[in-house]
Amino acid sequence: MNKIYFAKNKNTGKFYIGNKVGFKTIAALKTSLIFKGKEIEQYDLYYIDLNLNIYKFKDWEKIK
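All residue numbers for the sequence shown refer to numbering that gives the first Met the number 0, where the first residue is 0 and numbers rise by one.
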């Protein structure tokens with residue numbers, strides 16, 4: 000596992016990390032948001048690498 004993915008709600012600032020440790024894949028994060036009935040457009044996507052650097056994706060649409 001090279002990255003841990005999580006999302007942050009743009010309106011409330013709350014993080015969505017799943018089961019306390021984030022998600023191993025982007026697909027798992029997106030699927031979880033959909034199953035929970037959350038609007039993907041309301042979330043910013045982030046990931047943490049092995050060096051604990053945090054990165055933000057610019058656009059959900061570009062993520063497959």
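Even glycine gets a Cβ: it sits at the ideal position worked out from N, Cα and C.
Sub-8 Å separation of residue i and residue j beta-carbons
i, j, result
"residue 18", "residue 48", "no"
"residue 4", "residue 42", "no"
Beta-carbon proximity list for residue i, same chain, < 6 Å, skipping 5 on both sides
i, result
"residue 54", "46"
"residue 15", "6"
Nearest-angstrom Cβ-Cβ length linking residue i and residue j, presumed shorter than 8 Å
i, j, result
"residue 29", "residue 39", "7 Å"
Buried or exposed (CB count within 10 angstroms, at least 16 for buried), residue i
i, result
"residue 44", "buried"
"residue 36", "exposed"
"residue 32", "buried"
"residue 6", "buried"
"residue 12", "exposed"
Close beta carbons around residue i, own chain, < 8 Å, minus the five adjacent residues each side
i, result
"residue 51", "none"
"residue 56", "43, 44, 45, 46, 62"
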